[in-house]
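Student: Take a look at the following structure, please.
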Amino acid sequence: MIEIRELTAGYAAPGERGEPPVISIAAETFSAGKITTVIGKNGSGKSTFLKTLVGLLPYRGSIRCDKRELRTLLPKERAACIGYLPQTLTAPHMDVRTLVAHGCFRRKKMFRSLGESDREQIAAALRIADLAAYGDKLVPALSGGERQRAFLAMLIAQDPAFFLLDEVTSYMDIAHQKATVELVRYLAAAGKGVLMTSHDLALSFTVSDRILVMNEGRMILSGTPEELLEERDTLRRCFGICLGKTNSGNALYAYELQN
């Protein structure tokens, strides 16, 4: 479980020059086995929120993972709690199997080589991400969607309690979006907590157990997709549109955009 209390973050140094925080959140809790998606307009603070939760930005207040304060955790302890996939990824010049192997290093002592159990973990991560045939392929040669799944496979090999995914389906074609959604659902069904950001409202409402709406660094709505359908006026003010359940039996997503 990740528990947030009185969280403010997003400036270079807390309190410096009296600058206001980018995000300010009174209380939130994220549970294992659930998919939570943060939605909001560009610049609303979604990416800053994830960077704060993974420890990349200074913060005030409390972020507790498994009842331990984030700022007190050692890097390997933090990696056991949280795996983070940023929106922008640099393609390293290595093959996919080597990339995925990096996920195993949180469990290794310095200078220790990978063992048989690590190789089994890597192979399993490649299978789960539907990349078993791509192990020897260079990461820069992958398509955008394949590259995202390769980094997800690295996180699967890392085996954190929570997956933090920033706009994980951005720039993907529909086929890769569908495969990634299935992978996210698999992770939640396996007991992992998933916290995503997304600008795709139909996808977010379809895949999520819970939706958080962020506006100007604050969470202004929280609830299940069904509960948020009742907040049509607020959704329209935030996004200029709202959503409803689709009546088509052939639709890719269970929700569709509406005026």
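Note that the UniProt record's numbering has the sequence shown beginning at 1, numbered continuously upward.
Beta carbons are placed, not taken as given, at the ideal position from N, Cα and C, and that holds for glycine.
1) Could you tell me the alpha carbon to alpha carbon distance between leucine 252 and arginine 106, rounded to whole angstroms?
2) Rounding to the nearest angstrom, what Cα-Cα distance links leucine 201 and isoleucine 211 in this structure?
3) Of all the options Glu120, Asn215 and Ser198, which has the alpha carbon lying nearest to the alpha carbon of glutamine 87?
4) Using the rule of at least 16 other Cβ atoms within 10 Å of the residue's Cβ for burial, across every protein chain shown, is arginine 97 buried or exposed?
5) The alpha helix (DSSP H) spanning tyrosine 186 covers which residue range?
6) At 3 residues or longer, what runs of the beta strand (DSSP E) sit wholly inside the segment 27-87?
7) How close, in whole Å, do the beta carbons of valine 100 and alanine 150 come, if the pair is a contact with beta carbons under 8 Å?
8) Suppose you measure from the CA of aspartate 95 to the CA of threonine 180; what does that come to, to the nearest Å?
9) Using 10 angstroms around the beta-carbon of lysine 67, count the other beta-carbons present and answer buried if the total reaches 16, otherwise exposed.
10) Comparing alpha-carbon positions, which option in Ile35, Leu126 and Gly144 lies nearest threonine 224?
11) Answer with buried or exposed for proline 160, where buried requires no fewer than 16 other C-beta atoms within 10 angstroms of its C-beta.
Tutor: Once the coordinates are examined:
1) Translated into positions along the sequence shown, residue 252 becomes position 252. Translated into positions along the sequence shown, residue 106 becomes position 106. So the two alpha carbons sit approximately 37 Å from each other.
2) Residue mapping note: residue 201 aligns to position 201 of the sequence shown, counting from 1. Residue mapping note: residue 211 aligns to position 211 of the sequence shown, counting from 1. Approximately 10 Å between the Cα atoms of the pair.
3) Counting from 1 along the sequence shown, the entry for residue 87 is found at position 87. Of the listed residues, the one whose Cα sits closest to glutamine 87 is Ser198.
4) For this step, residue 97 is matched to residue 97 along the sequence shown. Answer is buried; the Cβ neighbour count reaches 16.
5) For this step, residue 186 is matched to residue 186 along the sequence shown. That run of the alpha helix (DSSP H) goes 174-189.
6) List check, beta strand (DSSP E) in window: 35-39, 59-65 and 82-85.
7) Start at 1 with the first residue of the sequence shown, and residue 100 comes out as number 100. Start at 1 with the first residue of the sequence shown, and residue 150 comes out as number 150. That pair is a contact at about 7 Å.
8) The residue labelled residue 95 in the question sits at position 95 within the sequence shown. The residue labelled residue 180 in the question sits at position 180 within the sequence shown. Cα to Cα, aspartate 95 sits roughly 21 Å from threonine 180.
9) Sequence index remark: in the sequence shown, residue 67 carries index 67 (1-based). Sixteen is the threshold: since fewer than 16 other Cβ atoms of the shown chains lie within 10 Å of the Cβ of lysine 67, the residue is exposed.
10) The residue labelled residue 224 in the question sits at position 224 within the sequence shown. Checking every option, the nearest Cα to that of threonine 224 belongs to Ile35.
11) Along the sequence shown, one-based indexing puts residue 160 at 160. That one is buried.
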